[in-house]
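In my numbering, the protein residues as written are 12 to 147. Cβ coordinates follow ideal geometry from the N, Cα and C atoms, glycine included. Accompanying notes for the structure given below.
And the structure:
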């Protein structure tokens, strides 16, 4: 029986540092646990320290977390605006970014954004989730 291949490390040194940073793992856990405010604080700190191609990805995830916080608090306009901005930042040259499955995240966020734009309840739609992309 052979062991699975380890995930490939990113080539970009800044991205490697982010992937190795325990603060990112903590922020991802907070995001996946629906702890939107705490997640925002952790991601914002990393975002301010980042200047490379992962900066828009961090900002997009941060904006999605804030959109979910707005939604929880009943601010549907704020949720819609930030969900759209966050989704927009997940486009571009980000594939493989931080080892996350961005396709799933885009799908989840896109469905939630569409419901918000159509003023439909989000009940029954998946919450955004940051899954690690499995290397083929």
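Helix, strand or coil for residue i, going by three-state DSSP, please let me know.
| i | result |
| --- | --- |
| residue 111 | strand |
| residue 27 | helix |
| residue 45 | coil |
| residue 32 | coil |
| residue 118 | helix |
| residue 64 | coil |
| residue 69 | helix |
| residue 137 | coil |
| residue 22 | coil |
According to DSSP, which residues form a beta bridge with residue i?
| i | result |
| --- | --- |
| residue 143 | 111 |
For the alpha helix (DSSP H) containing residue i, list its first residue and its last residue.
| i | result |
| --- | --- |
| residue 132 | Run containing residue 132: none; DSSP gives neither H nor E here. |
If residue i and residue j are in contact, beta carbons under 8 Å, what's the gap, nearest whole angstrom?
| i | j | result |
| --- | --- | --- |
| residue 113 | residue 143 | About 11 Å separates the two Cβ atoms, so there is no contact after all. |
| residue 71 | residue 138 | Incorrect: roughly 16 Å between the Cβ atoms, too far for contact. |
| residue 65 | residue 108 | 6 Å |
| residue 99 | residue 75 | Not confirmed; about 11 Å, so no contact. |
| residue 29 | residue 61 | 7 Å |
| residue 38 | residue 50 | 5 Å |
Q | Length at least 4, wholly inside the stretch 77-109: the alpha helix (DSSP H) runs in chain order | A | The qualifying runs are 87-100.
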